[in-house]
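Protein chains in written order, with my numbering: chain Y, 1 to 347; chain D, 1001 to 1347.
What follows is a set of notes on a single structure, which appears directly below.
Number of protein chains: 2
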Amino acid sequence: MKIAIIGNGGVGKALIRLLENKKEKMAEEGLEVELCAHMDSSGAVLDAEGISLKQLIRHNEKNLPMKDFPQIGVAKAGVEEILKMEDLDVLIELTPTNKETGEPGMTHIKRALKKGIHVITANKGPILLAYHQLKELADKNNAQLWIGCTTGGALPSVNGGIMDMAGADITSIEGVLNGTTNFILDEMKSSGCSYETALEKAQAAGIAETDPTLDVEGWDTATKLLILTNVLMKEEKQLSDIRVEGVTKITPADFKVAAEKAGKWKLVGRTEKNDSGLTMTVKPEILLPDHPLYGVDGKNKAVRYTSDTLGDLTLVGGASGLIPAAASVLRDLMNLHRGYRIPNERR
Amino acid sequence: MKIAIIGNGGVGKALIRLLENKKEKMAEEGLEVELCAHMDSSGAVLDAEGISLKQLIRHNEKNLPMKDFPQIGVAKAGVEEILKMEDLDVLIELTPTNKETGEPGMTHIKRALKKGIHVITANKGPILLAYHQLKELADKNNAQLWIGCTTGGALPSVNGGIMDMAGADITSIEGVLNGTTNFILDEMKSSGCSYETALEKAQAAGIAETDPTLDVEGWDTATKLLILTNVLMKEEKQLSDIRVEGVTKITPADFKVAAEKAGKWKLVGRTEKNDSGLTMTVKPEILLPDHPLYGVDGKNKAVRYTSDTLGDLTLVGGASGLIPAAASVLRDLMNLHRGYRIPNERR
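Take a look at the structure:
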């Protein structure tokens, strides 16, 4: 299987190490991966016969730009040359997320799919903005579009909804999908501190970003809920269809109310089918101990699906970190290799 | 897709209704199922052009034996004639479980696989006794063997371990896999009653069987743990390799100990890889609130996998009942139709 990886951030680097470390495991299933192109913002290296993973790992360990990669026989080029390569089977798109335009990932993904090249992406932007359009493009060109890493990293949220719920109609989606807010709410519960103090602790621990707005105002959760809803319920909703409330206004007094009920505050993303259509919310909720998402603490994430015939399924996991994120890209690659075809769009 | 169903108990009947009710949903994916043969203990009906599902559902509603099925053009026969049919794509094996011999399911499955017919089964017996042998037979004949319904019904325990953990090495399996004992332990906790009283309540509620030995002595959990271990860790263990302790000796005093720790008793099946190999146990354990299986109450089931690269994954669900069990057979059928190939055995 000839693949190209665009993007050499933490996940890209971890993936290259995994491709080397899991070589034997993949070979057991008849999967031999040749990395034929790889690029970061400095440029691309191309080799139709396969770039040496070992050499690339050593190069990355020194934090050198891709344009200085020394392998003899590799051509220095850019994304144009990658997308013009013949016989490429899979493009792995790992450029940074842009939620306004989806670029540059959007263009990379479209051009690959048009050529019938399968795409695996961890890039939320294009999926958030244009999943159905991209999936239809994939269908039309007999290509596969795998997005297992876009919502919750290693948590098999999208793929679980597709594979583990196959044949059932999903009637609701509930999720604790953001590690930062989950950490903050846990911290407020256990120490009784204010929101501001908990946020500072999360920032000091490297869990919250310097500008934590997207997480704490609920937009990261809303983005993931939107992807799950559009993909698994075949909806065409937008972020503006979700009533979003973050955790910034929650006070120690609110935690007293929760404690009286033996409950816990969680930032819950929720899509429900009802008589009037579909309701989508992101807001802090008090979950009681018998709720399947009650125990999802710290940096953990979880999603719960209810369905017509398969009952409820709750998936808890999704360890944070670069290796689990890279492993979830590898999971998509292996499931693609095993022949799985995500059903075509029919709308 | 031409299929045959052997077995017309509750799950078989529910599956036939689902095949009718989900016709449109399957057609959206290009899956058209023709039921070409069906049998119960009274005999078989065969029609290469497809038996009328609507007529079969009406027949089943009257609880009539299959030998009296009136559709014109169907041949009355037995299992021999089914296994001799040409062009059959899938055999769905739903005969009752026999954990000593695996029969009659073992013979049905072997004969189908030898002819290159895919098999989906909910029958634990043959899988417990001879999974690897059957899987190798499947591999050799380019057939697929799907066993998603053998461990926990609608809980995607086997398939989750295969698909959601693809590319990772599973290093431990933990499960609350038996609804009856889970109900009994919950009852003892909430009412403070004795084991005997809780068992009587479970029997009165139709949850525990008249002879509850297999459940309460831990053998049902052990059976499921064994299947998960052998399939997902490629082991060749037997029931005798598991140290099994049931819930029959647990007393109200034990619940006081758990309450002091804010814990809950659960019957846990556990396989762990360690330096000395593999340890397999089934025994009551006190789980604390931060354990992912702590909240799995009542008739619910759950399994937790830990892995080298994808972190932990806990799956909670598996609603009891005939429809969820049938829906999990349908799930296997749809995932098979979508092209998934469970990797060949390499041992």
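C-beta: ideal position from N, C-alpha, C; glycine also.
Work out the CA separation of Q1144/D and K1135/D for me, nearest whole Å. Spanning the two alpha carbons is a distance of roughly 8 Å.
- Query: Considering K1110/D, what are the terminal residues of the alpha helix (DSSP H) in which it resides?
  - Reply: 1105-1114
Endpoints, beta strand (DSSP E) assigned at M1039/D: 1034-1040
Could you give the C-beta distance for G12/Y and I5/Y, rounded to a whole number, given that I count them as a contact under 8 Å?
Taking C-beta atoms under 8 Å as the contact rule, G12/Y and I5/Y qualify, at a distance of about 6 Å.
| To the nearest angstrom, how far is it from the Cα of A1327/D to the Cα of L310/Y? | Distance between the alpha carbons of A1327/D and L310/Y: 6 Å.
Around the C-beta of G298/Y, are 16 or more other C-beta atoms found within 10 angstroms, so that it is buried, or is it exposed? exposed
ask   = According to a CB-to-CB cut-off of less than 7 Å, which residues of the region 138-161 of chain Y neighbour chain D?
value = A154, P156, N159, G160
Taking the alpha carbon of R1172/D as the point to measure from, which residue in P1065/D, P1289/D, H1059/D, V1268/D has its own alpha carbon closest? Contrary to the premise, residue 1172/D reads as Ser rather than Arg in this sequence. The option with the nearest alpha carbon to S1172/D is V1268/D.
Requested in this report: Examine chain D for any beta-carbon lying closer than 8 Å to the beta-carbon of K115/Y, and answer yes or no.
Outcome: no
Under 8 Å by beta carbon: chain D residues contacting N335/Y: M1163, A1166, Y1340
Requested in this report: Could you name the residues that DSSP lists as bridge partners for I1092/D?
Outcome: According to DSSP, residue pairing for I1092/D in a beta bridge involves I1005/D, I1120/D.
- request: Quickly, what does DSSP pair P1284/D with across the bridge? List them, please.
  value: DSSP output for P1284/D lists L1267/D as bridge partner(s).
Taking all protein chains shown into account, do 16 or more other C-beta atoms lie within 10 angstroms of the C-beta of P1292/D, making it buried, or fewer, making it exposed? Residue environment analysis places P1292/D among the buried positions, since at least 16 neighbouring C-beta atoms fall within 10 angstroms of its C-beta.
Are the C-beta of K1022/D and some C-beta of chain Y separated by less than 8 Å? yes
Could you list which residues in chain Y have their beta carbon closer than 9 Å to that of Y1195/D, in chain order? Per Cβ cutoff of 9 Å: no residues; Y1195/D is ~23 Å from chain Y at best.
Between H49/Y and V33/Y, what straight-line distance do the alpha-carbon atoms span, to the nearest angstrom?
-> Looking at the sequence itself, residue 49/Y is Glu, so the reference to His does not match. Taking the straight line from one Cα to the other gives about 11 Å.
When the Cα atoms are used, what is the spatial distance from T151/Y to D215/Y? Rounded to the nearest angstrom, the two C-alpha atoms are 14 Å apart.
_Based on DSSP bridge pairs, tell me the residues matched to N1274/D._
G1277/D
Exposure of G1206/D, with buried meaning 16 or more beta-carbon neighbours within 10 Å: exposed
Q: With DSSP collapsed to three states, give me the class of I227/Y.
A: helix
Between the alpha carbons of K99/Y and K1266/D, how many angstroms are there, rounded? 45 Å
- Within the 8 Å Cβ cut-off, does R346/Y reach chain D? yes
Give me the Cα-Cα distance between D169/Y and D308/Y, rounded to the nearest whole angstrom. 6 Å
Alpha carbons only, please: which of T1197/D, E1236/D, E1245/D, K1201/D is nearest the one belonging to W1219/D?
E1245/D
For E1080/D, the three-state DSSP class (helix, strand or coil) | helix
| said: Between which residues of its own chain and N1192/D is the CB-CB distance below 8 Å, once the five residues before and five after are set aside? | reply: In the sequence under discussion, the amino acid at residue 1192/D is Gly, which differs from the Asn named in the question. Cβ neighbours of G1192/D beyond the five flanking positions: P1252, F1255.
*Partners in chain D for G175/Y, counting only beta-carbon separations shorter than 8 Å*: Simply none; closest approach about 14 Å.
**Request:** Any chance you could list the beta strand (DSSP E) runs of at least 3 consecutive residues sitting entirely within the region 1136-1198 of chain D, in chain order?
**Result:** 1170-1176
Cβ pair L1137/D, V1303/D closer than 8 Å: no
First and last residue of the uninterrupted alpha helix (DSSP H) at D254/Y: 252-260
Margin query: Can you check whether the C-beta of L15/Y is within less than 8 Å of a C-beta belonging to chain D?
Written below: no
For a test of the three-state rule: what should DSSP assign to L64/Y, helix, strand or coil? coil
Near-chain D residues of the region 63-91 of chain Y (beta-carbon distance less than 7 Å), N- to C-terminal order: Among the residues of the region 63-91 of chain Y, none has a Cβ less than 7 Å away from any Cβ of chain D.
Express the C-alpha separation of E1093/D and P1070/D in angstroms, rounding to a whole number. So the two alpha carbons sit approximately 23 Å from each other.
**Study point:** DSSP beta-bridge partners of T314/Y
**Key:** R304/Y, V1316/D
Could you give the distance in angstroms between the alpha-carbon of S194/Y and the alpha-carbon of N300/Y?
22 Å
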